[in-house]
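Chains as they are written, first to last, in the numbering used here: chain E, 1 to 545; chain B, 1 to 545.
From the three backbone atoms N, C-alpha and C, an ideal C-beta is built for every residue, glycine too.
2 protein chains.
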Amino acid sequence: MKIALAQINVIIGDFENNNRKILNYISRAKDMGAAMVIFPELATTGYPPRDFLEFSDFIEKAEQSIEKIKEASKDIAVVIGSPTRNPVVEGKDLYNSVVFLYQGKEIYRQHKTLLPTYDIFDEARYFEEATRWQVVRFKGYKIALSICEDLWNLGNENPLYTINPMEKLMPQQPDFIINVSASPFDYTHAAERIRILKENVKAYQIPLFYVNHVGAQTDIIFDGGSLVIAPDQTVHTEMPYFKEGLQIIDLEDVNGSTTNREQPKDKIPLIHDALVLGIKDYFGKIGFKTAITGLSGGLDSAVTTVLAVEALGKDNVRVLLMPSQFSSEHSVKDAVDLAKNLGIRYDIVPIKDIFKSYLQQLNPLFEGRDFDVTEENIQARIRGNLLMALSNKFGNILLNTTNKSEMAVGYGTLYGDLAGGLSVIGDVYKTEVYELARYINRHKEIIPFHTIQKPPSAELRPGQKDSDSLPPYDILDTVLKQYIENRQGPKEIIAQGFDPSLVERILKMVNRNEFKRHQTAPVLRVSPKAFGMGRRMPIVAKYLE
Amino acid sequence: MKIALAQINVIIGDFENNNRKILNYISRAKDMGAAMVIFPELATTGYPPRDFLEFSDFIEKAEQSIEKIKEASKDIAVVIGSPTRNPVVEGKDLYNSVVFLYQGKEIYRQHKTLLPTYDIFDEARYFEEATRWQVVRFKGYKIALSICEDLWNLGNENPLYTINPMEKLMPQQPDFIINVSASPFDYTHAAERIRILKENVKAYQIPLFYVNHVGAQTDIIFDGGSLVIAPDQTVHTEMPYFKEGLQIIDLEDVNGSTTNREQPKDKIPLIHDALVLGIKDYFGKIGFKTAITGLSGGLDSAVTTVLAVEALGKDNVRVLLMPSQFSSEHSVKDAVDLAKNLGIRYDIVPIKDIFKSYLQQLNPLFEGRDFDVTEENIQARIRGNLLMALSNKFGNILLNTTNKSEMAVGYGTLYGDLAGGLSVIGDVYKTEVYELARYINRHKEIIPFHTIQKPPSAELRPGQKDSDSLPPYDILDTVLKQYIENRQGPKEIIAQGFDPSLVERILKMVNRNEFKRHQTAPVLRVSPKAFGMGRRMPIVAKYLE
């Protein structure tokens, strides 16, 4: 029996186009001789639909999609994720379901049991959990249907749930497992996903067909990498990362498979490809073509601009250089060199005169007071205003160039360099931005060598360097990672050998700057713990402050 | 037996000061002859602690607080909410618990059963639900302990949960119910709370002691209003709204009580008081004293400024007037009149020259193009920059003055008039802002009559009025409320008699401007559905667009 894996990229709430794509994949799968085609979790709506799920109208549209897909299930079974209504008045109003459609009928509907409610996930907000589990019979096979997290309570040191839906299905002796997923990318996740799925195959000794979403939904990036795992835990198939696709697998081939077909999972290339897709889908899905960045001659804006060019093409990216009286000689040259290397349009608008006009107007109020962070921020906000002016006038989206280290400690100006519609490298620590730059330059020098080499600086006062106000980035990033990704407290981090006062200073900076992160653009998520929906912190608080 | 209700205002994560306050209330309750003192839900940590709960160090600090409180429970029972660890490896790592302490010992620990996971609530993210329910015996009484939502599955048309913890406790024949709560304010909530609690008393026929938090935690405002309800459903006691307090109730009095002591619950005065407390606590809890607003002569900035003065005092609020060449004659006069009425400092910084310097620098790039929204936005962002400059130089916090109608449809400039550390009236529709203004002026004209009377305008181009780009506010607000608060889809709203194309236009504006709301300040929540954590929408989506 031939089974098709449909790894698709949909737009949240775009029922018409999503359905057109689904119907097209069904017809292609049928043409290729598949008896069954599998789509991801909540494929009709896109994932995560968030509070749109609370609108009855939205659910009705998903139901109408399923009706149309049902009609297309003539001579091919369609297994697809969609929200369904809970007919019982008690409990949440919805289920997160996978429906099994065949010959124009709904054969079975399995609800999701384990509802992830951590990090970026909010499923307990919307869905009631399954209380019934049943295999589906199809062409002589018995199939265990599961949805994403349903397989993730196995092989964990600290299981999040007290039940395991596969344990309910195994007594019915299924021949294989289907899992429809919405499993977002982070640079550790593809390996972890394979580990967990292998644990399931090891426990149940039957093949597993796993179909994931691909594509970015604002900040959340789905990498695809749909899988077929053979009973001996060999990865029979791993579909490409970051690309849509349809793949046909012969079930009979899977059982005898011994060749491992896993793809490489190197961190920096994965992050690179994820960010490019993240930019591409953000623009494509809201119907914008062109981007603008502020190019300072520094590393962060250089890397962001290169990624934008890869995502959108050189004719769709323009940059603005906005030197101040404090900009170093090399800054403009480095920025121009990069623009020339990329073949993109650049313009230069110095901010000195505008800055002077602010100081003049503010003089009656500021007289007798020293130059301080205020004047630094005024300059950063002039740049923000100029970039947004070009964005408004020419219909470009401003890409934010702040890195994760800066976001963490609040080293940036709200409405200034923190402005922008999308934060490209806000989940990439400064030390990783260097790695990305070297990866970008792997074949030839795209980012000027001098940009990578020089000490980082905001250039907002004479001779300023990041190291004046921040610890060295290698130490800073290590401490931040312990606190943010690993949720270690001060005691635990200090026990690793870091200077206690430094650790306390860094943690305090992180917590005090929550108000800034609250007002910044969505951050493309590439790590297991990104700023945004996945990390929910109080703004007004006194913990570690 | 005398029972003390301790309606306290704590700071999230400020264990030292929270504990000092709790110990002080215990000692006062003891002095007043109470046999028992009841504190709110998660009183040790503050509510909501959000992802701080994922830090073992944070939980340890809460445990240390409980240890100290236990020592203080000599000769007085202390009933208090705090997070506790789940000793079982399966399931979430924490419980949301109420502990019963007496004579230096923990007598019992009841976990929360119903974990709200909707709107602003994320409890399923952190907590495992209770599976054991037991009354506590104290001085001959049997007490049913419950936590907030535990009582809220009764008397609802659409119950969210399939179990009801009181049904587990009633067979043990408790003499009264204690409920420790973190039940946030909205203008409908105090009445709804009493309705639900009366439903419980009606069902179980025993008195109910209910203790709530008071105080604002960033955007979430707790109103207090702790309650004692007599077996005949009379409101024996309702503690004040928006004020800390300790109240002693004699249990014997409650049983015979027939006098209803409910407070008035008029919408506009409640919203007014909530916003004043919201501002006050935001500043007090982060240790700032002074605020700045941009005063345009319009209604929104006038109301915001009056509320700030009420919260912080007239010496702690200053305003900046930033007329443009498009400002009407009356704008400056109206703004100055208000500043004089309030007795606050005002400064005037015209933006014309700065605007000119931007246009001059941008001229080479903009040549030949028409004045459009770009030039409007540049002016709004100059104002944002000036306000933030004063904020930075003098250590004031900028209060945002955008109302809910504008926030909803995106009528505002990111980094311009949408700037600020706290949005004061972002959950108040324009039509309600008028009501607030009239309430503020109830005794004398504080807000100039002309400010209330004139047609709203952003004054960013010649002769501009809000009504040029927006429907009349009474229609707009009604449609918005149906969509936002009541989660009605286009069909349902149109069926109420609104023009279909208008409804579609409004809903599209709301959805398209999610990216702006993502980058704005926390909004003081006064309605059942505010922008912020309680309303989670995708940014990139095509639903109703």
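- L362 of chain E has its alpha-carbon roughly 49 Å from the corresponding atom of P116 of chain B.
- For the pair V424 of chain B and I279 of chain B, the Cα-to-Cα distance works out to about 7 Å.
- Within the model, the alpha-carbon separation for L151 of chain B versus L208 of chain B is close to 11 Å.
- The beta carbon of Y95 of chain E does not come within 8 Å of any beta carbon belonging to chain B, so the residue lies off that interface.
- For S301 of chain B, the closest of B:P364, B:I22, B:V254, B:A339 by C-alpha to C-alpha distance is B:A339.
- In this model, V309 of chain E and V332 of chain E are separated by some 20 Å (Cα to Cα).
- Scanning chain E for C-beta atoms nearer than 8 Å to the C-beta of Y161 of chain B yields E90, G91, reported in chain order.
- Residue-level contact check: D150 of chain E does not touch chain B, since none of the beta carbons of chain B fall below 8 Å from its beta carbon.
- In summary, A182 of chain B is buried, with 16 or more beta-carbon neighbours lying within 10 Å of its beta-carbon over all protein chains present.
- Beyond the five residues adjoining it in sequence on each side, K139 of chain B comes within less than 7 Å, by CB distance, of M1, A35 in the same chain, given in chain order.
- A contact is defined here as three or more CB-CB pairs under 8 Å, and the region 219–229 of chain E meets this definition with respect to the region 239–255 of chain E.
- In the three-state reduction of the DSSP assignment, H111 of chain E falls in the strand class, which pools E and B.
- Inside the region 123–150 of chain B, DSSP marks whole beta strand (DSSP E) runs of 3 or more residues at positions 136–138, 141–147, from first to last along the chain.
- Taken in chain order, the complete alpha helix (DSSP H) segments of 4 residues or longer contained in the region 338–423 of chain E are 352–366, 373–394, 404–409.
- Under the three-state reduction of DSSP, R261 of chain B is assigned to coil, being neither helix nor strand.
- The continuous stretches of beta strand (DSSP E) do not include H443 of chain E, and DSSP gives it neither H nor E.
- Under the DSSP definition of a beta bridge, E106 of chain E partners with E:L101.
- Selection E:P528, E:E485, E:G497, E:P522 evaluated against V510 of chain E yields E:E485 as nearest (Cα-Cα).
- A Cβ-Cβ distance of about 7 Å is found for the pair L390 of chain B and L365 of chain E, placing them in contact under the 8 Å criterion.
- The beta carbon of N9 of chain B sits closer than 6 Å to the beta carbons of V214, G215, E244 from its chain, once the five residues preceding and following it are set aside; these are given in chain order.
- In this structure, E:I22 is the residue among E:A4, E:I3, E:I22 with its C-alpha nearest to the C-alpha of I11 of chain E.
- With a 10 Å radius around the Cβ and a threshold of 16 neighbouring Cβ atoms, F449 of chain E comes out exposed.
- Within the region 287–301 of chain E, not one residue has a Cβ closer than 8 Å to any Cβ of chain B.
- Residues of chain B with a Cβ closer than 8 Å to the Cβ of T218 of chain E are, in chain order, P538, I539, V540.
- One finds N392 in chain B with Cβ atoms closer than 7 Å to the Cβ of V373 of chain E, taken in chain order.
- Excluding residues up to 5 positions away in sequence, nothing lies with its Cβ nearer than 8 Å to the Cβ of N24 of chain B in the same chain.
- Interface residue (Cβ-Cβ distance to chain E less than 8 Å): T520 of chain B is classified as such.
- A check of alpha carbon separations from L398 of chain B across B:K404, B:G412, B:D417 identifies B:D417 as the nearest.
- Against T304 of chain B, chain E offers no close residue; the least beta-carbon distance is about 18 Å (beta-carbon pairs closer than 7 Å).
- Look at A43 of chain B here: in three-state DSSP terms it is coil, with no helix or strand label.
- The contact set of K168 of chain E on chain B, defined by CB atoms closer than 9 Å, is empty, because the minimum CB distance reaches about 16 Å.
- In terms of CA proximity to E167 of chain E, E:T131 leads the group E:S82, E:F185, E:A190, E:T131.
- For P472 of chain E, the closest C-alpha among the options E:P500, E:P522, E:S405, E:I494 is that of E:S405.
- At least one beta carbon of chain B lies nearer than 8 Å to the beta carbon of G421 of chain E.
- In terms of CA proximity to Q453 of chain B, B:E435 leads the group B:I249, B:E435, B:L470.
- Inclusion of E41 of chain B and I147 of chain B in the CB contact set at 8 Å is warranted, their separation being smaller than that value.
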